[in-house]
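So the sequence shown is residues 20 to 298, counted in our numbering.
Positions of the beta carbon are idealized from the N, C-alpha and C atoms, including for glycine.
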Amino acid sequence: MADTSGAREGRRLVVMSDDFGHCEAVNEGILRAFTDGLLTDTNLQAPCPGFREACALTRQHSVPVGLHVTFTCDWDLVRWKPLTSMKSMVDENGYFLNSVPDAWAGADLDEAAVELRAQYDAIASEGIEMTHLGEHMGVDEGGRAASVMAALAREKNLSHKGHWAHRKHRQGYEDSNTPYYAFDSHFGTSAWRLDLAGKKERLKRTLAALGPGWHMWVVHAAVDHPSLDRLCSQDWHAVRWAREIRAVDYALLTDPEIIDWVEAQGIRPTPIAECPVGD
Numbered sequence: 020m021a022d023t024s025g026a027r028e029g030r031r032l033v034v035m036s037d038d039f040g041h042c043e044a045v046n047e048g049i050l051r052a053f054t055d056g057l058l059t060d061t062n063l064q065a066p067c068p069g070f071r072e073a074c075a076l077t078r079q080h081s082v083p084v085g086l087h088v089t090f091t092c093d094w095d096l097v098r099w100k101p102l103t104s105m106k107s108m109v110d111e112n113g114y115f116l117n118s119v120p121d122a123w124a125g126a127d128l129d130e131a132a133v134e135l136r137a138q139y140d141a142i143a144s145e146g147i148e149m150t151h152l153g154e155h156m157g158v159d160e161g162g163r164a165a166s167v168m169a170a171l172a173r174e175k176n177l178s179h180k181g182h183w184a185h186r187k188h189r190q191g192y193e194d195s196n197t198p199y200y201a202f203d204s205h206f207g208t209s210a211w212r213l214d215l216a217g218k219k220e221r222l223k224r225t226l227a228a229l230g231p232g233w234h235m236w237v238v239h240a241a242v243d244h245p246s247l248d249r250l251c252s253q254d255w256h257a258v259r260w261a262r263e264i265r266a267v268d269y270a271l272l273t274d275p276e277i278i279d280w281v282e283a284q285g286i287r288p289t290p291i292a293e294c295p296v297g298d
């Protein structure tokens, strides 16, 4: 049998869960996935209901966290507002909008910059050092979100987690000197429309195909708890993201078979702070 050990060496995998601070079930899932599973990093959402709990867990368990830039809200039942008095990116009741294009279409960029700084300061005031920043629910196609984020990234020497920076360069945004973590590849299991067994098999194929270098696996972890059903109406367009997707991602991260398989493959889960930075 051929010796394949050399081909498996040098593969680093950052495992990133978005939405720390989203709610209690998300906080618990992210913490368990970090302490008992494959998770290496997460992102904090300062405007969300579980933010203070997430900060306490971060300090207690030394969880590496970044700033999850939040200018939208996922749900129709559980909502959140800006930390500032911004008026241009909210509905008539002061809550963030659900649509990224709608939110940024009418955005006052000065207001957005103030709100972003408030979210950064909220985390920093908890005594937490951020490893990166990344957007919640994506950025607008016109680059308005990118420009606001780029200004803070350069000021604080805070690298983007990678996805937006690569897309930004391809689209030719003006802020091309924003620092970002230079991954060789990135993928996410959340959007795969498969059950747990199907996702496990596809995950193995994806990981087995990774070459030497740095790779990112993005998830949205939460423990499987009925409280997630109360985030949105059952006919809400994103209802699968409330409980189903998060519970399956959590199951993947903590599955003993997957954990052992990753180790046997010679893939090394590694925090994002150790990843090379591009510009």
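Task: Residue ranges of each alpha helix (DSSP H) within the stretch 204-269, 4 or longer - done: 215-227
- [ ] Please determine if the stretch 123-134 and the stretch 50-65 are in contact, where contact requires at least 3 C-beta pairs separated by less than 8 Å.
- [x] no
Open item on the list: What does the alpha-carbon distance come out to for the pair Trp94 and Ala257?
Closed with: 8 Å
- [ ] Please determine, among Met105, Cys74, Asp248, Thr59, the residue with the shortest C-alpha to C-alpha distance to Val238.
- [x] Thr59
Task: Beta bridge counterpart(s) of Asp121 as assigned by DSSP - done: For Asp121, DSSP assigns no beta-bridge partner whatsoever.
TODO: Give every residue of the same chain whose Cβ lies closer than 8 Å to the Cβ of Gly297, excluding the five residues on either side of it in the sequence, and list them in chain order.
DONE: Cβ neighbours of Gly297 beyond the five flanking positions: Ala184, Pro198, Tyr199, Tyr200, Ala201.
Task: Three-state secondary structure (DSSP) of Asn112 - done: It is coil, neither helix nor strand.
Open item on the list: Pop quiz: Ser209 and Ile142 are said to be a contact at Cβ under 8 Å. What is the actual Cβ separation, rounded to whole angstroms?
Closed with: At roughly 23 Å, the Cβ-Cβ gap does not stay under 8 Å, so Ser209 and Ile142 are not in contact.
TODO: Could you pull out every unbroken alpha helix (DSSP H) segment of at least 4 residues lying fully inside the stretch 121-188, listed in chain order?
DONE: 128-143, 163-175
Open item on the list: Could you compute how far the alpha carbon of Lys218 sits from the alpha carbon of Val33?
Closed with: Straight across, the Cα-Cα distance linking Lys218 with Val33 is about 18 Å.
Open item on the list: Measuring only the C-alpha atoms, how far is Trp99 from Tyr114?
Closed with: 6 Å
Task: Three-state secondary structure (DSSP) of Thr54 - done: Three-state result, Thr54: helix.
Task: His80, buried or exposed, once every other Cβ within 10 Å from all chains shown has been counted against 16 - done: exposed
Open item on the list: Measuring straight from C-alpha to C-alpha, what distance separates Asp129 and Met156?
Closed with: In a straight line, the C-alpha of Asp129 is about 21 Å away from that of Met156.
TODO: Measure the CB-CB distance between His151 and Ile291 and report whether it falls below 7 Å.
DONE: Going by C-beta atoms, His151 is nearer than 7 Å to Ile291.
Task: Those residues which DSSP pairs with Arg98 across a bridge - done: For Arg98, which the question treats as bridged, DSSP gives no partner whatsoever.
Task: C-alpha gap between Leu76 and Gly285, whole angstroms - done: Counting only the Cα atoms, Gly285 lies some 30 Å from Leu76.
TODO: Would you be able to state if there are at least three C-beta pairs under 8 Å between the stretch 241-259 and the stretch 36-47?
DONE: yes
TODO: Keeping to the same chain, check which residues put their C-beta closer than 6 Å to that of Ala261; ignore five residues upstream and five downstream.
DONE: Leu247, Leu250, Cys251
Task: 7 Å Cβ cutoff met for Val267 and Leu226 - done: no
- [ ] Quick one: residues in its chain with C-beta nearer than 6 Å to the C-beta of Thr89, no 5 flanking neighbours on either side, listed in chain order?
- [x] Correct list, in chain order: Gln64, Pro66, His155.
Open item on the list: Which residue wins for smallest C-alpha separation from Trp255, given the options Asp38, Leu96, Pro120?
Closed with: Leu96
Open item on the list: Short of 7 Å in beta carbon distance, which residues of its chain neighbour Ala170, apart from the five on each side in sequence? Order them along the chain.
Closed with: Ala132
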